[in-house]
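Number of protein chains: 2
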Amino acid sequence: MIRPLCHHAAMPRRNTSAPRKPARHAAILEALSTDPTVRISELADAFGVSAETVRRDVEELSARGMVRRTYGGASTAARQPVLDERERVQVAERSRIGRAAALLVPPDAVVMLDAGSTTTHFARALARREIRATLLTNSLDAAVAAGACASLRVIVAPGELSVTERGVYGPETAAFLRRFHVDLAVIGASGLTEDGPCEAESRAAWVKRAMLERAARRLLLVDTRKFGAAFLECVCPLQGLTDLVAEAPPAGPLAAALARARVAVTLAPDDERVEPRLHV
Amino acid sequence: MIRPLCHHAAMPRRNTSAPRKPARHAAILEALSTDPTVRISELADAFGVSAETVRRDVEELSARGMVRRTYGGASTAARQPVLDERERVQVAERSRIGRAAALLVPPDAVVMLDAGSTTTHFARALARREIRATLLTNSLDAAVAAGACASLRVIVAPGELSVTERGVYGPETAAFLRRFHVDLAVIGASGLTEDGPCEAESRAAWVKRAMLERAARRLLLVDTRKFGAAFLECVCPLQGLTDLVAEAPPAGPLAAALARARVAVTLAPDDERVEPRLHV
DNA sequence: GCCATGATGAGGTAACTTCCACATGATCCG
DNA sequence: CGGATCATGTGGAAGTTACCTCATCATGGC
């Protein structure tokens, strides 16, 4: 897997000498940029140092959040801590919501998909369905997830990259999306109140609006923790949506407002088959 | 990390019953879609089965190429075998080339970057330099790699996703790029002959041409194995380039043609510090 | 009903990792 | 120069994982 740092085959690497630690750290990082995991024993062999030393290297990198420790080695650090934290909570719920929403997509549909962790689950679920469809998205993760399925045509919108969201945003993005005309818009939100879905980030709100404008059917995917949560910017009134997909029904005034706005509520079934969840 | 498949806390899971294998396989895959690695021992706990069983599951999935075995667990399968194979060969060379090319970027430059494994290395190296610059690219990997550096502004071009290339292509892509005016174009190629860089894929060639059209300085990044290799489509004549970055100098007629076309050749230094390489 | 098959568990050993405490050589700095 | 610190190696105990063989228990046929 890994090639020796230096290969003066004749010269049997003196035991102690210059501190080669930074070089090893860089090498580990570089190895991980190509492979999802490395093993300590292999690195030790490749570097010509003891496993203990590599273990300390990995420990250090992992303390800095640059890699993730695994038994016997290291793996690529999880992506952005920001998204990652969000990804970690309620993975099962989001995944179920994504799956339920994917079932609402008819074959040969053209779908616009927002960036976010729930919508990425939607893309994965859609890919698993293996139907033909076209997906327009500003989410890099969703694009790659959907790309895994050969029967999906994936079109990526242009824009300025946000690493934390793993998507693209900006005027270019909205302008691009507005050139299309699609069957379905599938968006997420930071919160959902009687006034409609709301967003913490303005640029994300603009992209969502552009998508909603262009679609006949407009789905909002949110887990119940979003119910009642208000954020800076209101994306659209409830009337702007046609469907809500969540894992549990809303209650109280929100439920009433949804009914008034004639938003169809789809509940993600409590999945009996499989529901893995990652934590720590 | 993983939650039990079913949690009838009262009912102590009968030893033998319905074959729950497919459910576990799906759960493992799903867990890996969120986390880069899973551990067999954790899965065994979560599923309430023996580690041996999970090990057999993982073995099976890995035989089908759906996950990759690691000591103690499994990790996400490497991406597309296509790109992966290319990624595996000459990683060290490509990485050095990318690094050398990144050094040619002046602060505050605006750069167009092609999709490909060498150009992705360029993006990583540029991110490590931590200078301010703007990057326009059709490569998802390069975008994410560059996004890791806060001082880089990354703009992603629109287009149709190619999963194997992990980039976007098509008329949208070229049209978008043509709206800009940049300092540097950095492209890769399938081969390089006296007639210029050439490409196996037509749509990739069109994107490269669009980039070359818009840049004052035009760098081609290739490793020496590309020298003399001819492919279907010629991207541009040698005169269309201003710089070539490789890890070793070209020779013979190619060298002469490069000199005639006044292409500056930059050699990536034989890196003494670090050169890890993954192989089997 | 009996048997082949598939799924799964159990037990045990070998191999591997981890962790820890301690030793060594080198470098840096008053 | 002496001491503090850093980078590393060593050795061994303890904890994990891997692998192999054998046993068990349904299921689906025939």
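First to last, the sequence lines map onto chains A and B. Residues 1 to 280 (the UniProt record's numbering) are what the first sequence spells out, left to right. Residues 1 to 280 (the UniProt record's numbering) are what the second sequence spells out, left to right. Even for Gly, the Cβ is constructed at its ideal location relative to N, Cα and C. Since this is a predicted model, take the numbers as computed values, not measurements.
Subject >> Contact under 8 Å by Cβ, Cys236/B with Leu258/B >> reply: Contact: no.
| message | So, with DSSP's three-state summary, where would you put Thr164/A? | response | coil
Problem - CB-CB length for Cys198/A against Gly191/A, believed under 8 Å - result: 5 Å
_Nearest residue (CA-CA) to residue 369/A, options Gly48/A, Asp35/A, Ala27/A, Ala125/A_ = Here chain A comprises residues numbered 1 to 280, so residue 369/A is not present and cannot be evaluated.
As assigned by DSSP and simplified to three states, the class of Met211/A
Secondary structure at Met211/A: helix, using DSSP grouped into helix, strand and coil.
Three-state class that DSSP yields for Ala101/A in the structure shown: helix
Practice problem: Enumerate in chain order the residues of its own chain whose CB-to-CB distance from Glu233/A is below 7 Å, with the five nearest sequence positions on each side excluded. | Solution: The answer, listed in chain order, is Cys198, Glu199, Ser202, Ala205.
> What residues in the stretch 215–238 of chain A have a beta carbon less than 8 Å from any beta carbon of chain B?
Replying inline: Among the residues of the stretch 215–238 of chain A, none has a Cβ less than 8 Å away from any Cβ of chain B.
Query raised in the report: So which residues on chain A does Ile155/B lean against when the C-beta distance must stay under 9 Å?
Result: Pro158, Gly159, Glu160, Leu161, Val168, Gly170, Glu172
Review point. Under 8 Å between C-beta atoms, does Gly48/A make it to chain B?
Key: no
- Task: Taking C-beta pairs closer than 7 Å, name the residues in chain B that Thr76/A reaches, listed in chain order.
- Result: Pro36
Within 10 angstroms of the Cβ of Pro269/B, are there 16 or more other Cβ atoms? Answer buried if so, exposed if not. exposed
> If you draw a straight line from the C-alpha of Leu29/A to the C-alpha of Arg99/B, how long is it?
Replying inline: 15 Å
- Task: Using the Cα positions of Arg178/B and Asp114/B, report the straight-line distance between them to the nearest angstrom.
- Result: 14 Å
Pair within 8 Å by beta-carbon distance, Ala148/A and Val144/B:
With contacts defined by Cβ atoms closer than 8 Å, Ala148/A and Val144/B do not form a contacting pair.
Query - Rounded Cβ spacing between Val182/A and Arg214/A (contact assumed at less than 8 Å) - result: 6 Å
CB contact below 8 Å: Leu83/B versus chain A:
Note that Leu83/B scores 46 on pLDDT, short of 50, meaning its location in the model is unreliable; the coordinates nonetheless yield the value given after this. Chain A, which has no Cβ nearer than 8 Å to the Cβ of Leu83/B, makes this no.
Q: State the Cα-Cα distance for the pair Ser151/A and Met112/A, rounded to the nearest angstrom.
A: 16 Å
message: Does Glu52/B pass the burial test, meaning 16 or more other C-beta atoms within 10 Å, or should it be called exposed?
response: Residue burial annotation: Glu52/B is exposed, with fewer than 16 other C-beta atoms found within 10 angstroms of its C-beta.
Is the beta carbon of Ala248/B closer than 8 Å to that of Leu220/B?
The answer is no: Cβ separation not under 8 Å.
**Study point:** Val58/B, DSSP secondary structure in three states
**Key:** In the structure shown, Val58/B sits in a helix (DSSP, three-state: H, G or I).
- When the cut-off is 8 Å and only beta carbons count, does Gly180/B lie next to chain A? The sequence given here places Phe at residue 180/B; Gly does not occur at that position. Output row for Phe180/B: interface = no.
Fill in: Burial state of Asp108/A (16 or more Cβ within 10 Å)
exposed
query: Between which two residues does the alpha helix (DSSP H) carrying Asp141/A extend?
result: 140–147
- For Thr70/B and chain A, any beta-carbon pair shorter than 8 Å? Yes - at least one Cβ of chain A is within 8 Å of the one on Thr70/B.
Span of the alpha helix (DSSP H) holding Ala127/A? For Ala127/A, the enclosing alpha helix (DSSP H) starts and ends at 117–129.
Any idea if Val265/B is buried or exposed, counting beta-carbon neighbours within 10 angstroms, 16 or more meaning buried? Taking every protein chain shown into account, the CB of Val265/B has fewer than 16 other CB atoms within 10 angstroms, so this residue is exposed.
Practice task
Name the two residues that bound the continuous beta strand (DSSP E) containing Arg262/A.
Solution key: Arg262/A -> no beta strand (DSSP E), and no H or E assigned at all.
- Please report how far the alpha carbon of Leu83/A lies from the alpha carbon of Arg56/B, in whole angstroms. Model confidence at Leu83/A stands at a pLDDT of 46, short of 50, so the residue's coordinates are unreliable and nothing is read from them.
| said: Does chain A have any CB closer than 8 Å to the CB of Ser139/B? | reply: No, because no Cβ of chain A sits closer than 8 Å to the Cβ of Ser139/B.
Alpha-carbon to alpha-carbon, Thr137/B and Thr118/A = Their Cα atoms are separated by approximately 26 Å.
Looking only at its own chain, which residues have a Cβ that is under 6 Å from the Cβ of Arg260/B, when we skip the five neighbours before and after it? none
Exercise for review: Thinking Gly73/A and Ile40/A are a contact (beta carbons under 8 Å), I'd like their distance in whole angstroms, please.
Suggested key: 5 Å
Checklist line | Run of the alpha helix (DSSP H) containing Ala189/A, from where it starts to where it stops | finding: No alpha helix (DSSP H) holds Ala189/A; DSSP gives it neither H nor E.
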